[in-house]
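> Residues are numbered in this note's numbering as their position in the sequence shown, beginning at 1, plus a constant of 1. For reference, the structure I am asking about is given below.
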Amino acid sequence: MALIFSKSLAFLFCFLVTIHAKNFDQQKKPTMKLKEKMSHFRFYWHDVLGGRNPTAVRVAQAPSTNTSPTAFGLVMMIDDALTAGPEPTSELLGRAQGLYAFASQQEWGLLMAMNFAFVQGKYNGSTISIMGRNPVFDEVREMPVIGGSGLFRFARGYAQARTHSFDLKSGDAIVEYNVVVMHY
Ligand SMILES: *[C@@H]1O[C@H](CO)[C@@H](O)[C@H](O)[C@H]1NC(C)=O
């Protein structure tokens, strides 16, 4: 009798362990199916301050901004075109929407906070979010990719910016962006 009882206890124990293991497996499955991949994009960012249709506008500044040698305190809102090539007429891939702010008193150092909103092909509707420091006169500036949406969910990575051209008179700039992003 005692033997039968302990045998059925052992059976019950094995049964419970099996159920538990099964539930554990099922909980893990969705993450197992995700496969992380790395994508590399190159495009050109067009910051247009002059002319009739500027894509970068001044939205705020400090009383001391005008006398600051680094425009400290100035905030610009942007809706800049992202194109496949450096020519403004080349294929539109998306827009860089957000702002940049002059955040350094010692040099030209911007805080960039912008979303790359793509409009082409499978990336149409997906976004990549950038937030970082941009010392604009450095040859290469690196900024973190801090997230994304759509095909870029869980995105992380970095963007490297290189100035392609800068018009001292108008302030217009064309900047090459190379973005390396890990996503699913
Ligand atoms: C991108 O998506 C929008 C909204 O769904 C749609 O109107 C537009 O035609 C799409 N563009 C391309 C190039 O697929």
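Glycine included, C-beta positions come from ideal geometry on N, C-alpha and C. Quantities reported herein were computed from a predicted structural model and do not represent experimental measurements.
Less than 9 Å separating the beta-carbons of A82 and W46?
Yes, Cβ-Cβ distance for A82 and W46 is below 9 Å.
> Looking at the structure shown, is Y124 part of a helix, part of a strand, or coil, going by DSSP?
In the structure shown, Y124 sits in a helix (DSSP, three-state: H, G or I).
> Smallest Cα separation from P145: which of D139, F153, I131, I175?
It is I131 whose Cα lies nearest to the Cα of P145.
> Restricting to runs no shorter than 4 residues, where is the alpha helix (DSSP H) found entirely within the stretch 92-156?
Qualifying alpha helix (DSSP H) stretches: none in this window.
> Tell me the residue span of the beta strand (DSSP E) that contains V60.
Where V60 is concerned, the enclosing beta strand (DSSP E) stretches over 57-61.
> Less than 8 Å between the CB atoms is what I'm expecting for F153 and S127, so what's the real figure, rounded?
Confirmed, about 5 Å.
> Measuring straight from C-alpha to C-alpha, what distance separates H41 and K123?
Cα to Cα, the separation comes out at about 15 Å.
> What residue from V180, V176, V181 has the CA that sits closest to E88's CA?
If we check each option's Cα against that of E88, V176 comes out closest.
> So, does the CB of Y45 fall closer than 9 Å to a CB anywhere in chain C?
Of the chains in the structure shown, none is chain C; there is only one protein chain.
> Hey, quick one: how far does the beta strand (DSSP E) through Y178 stretch, first residue to last?
That run of the beta strand (DSSP E) goes 174-184.
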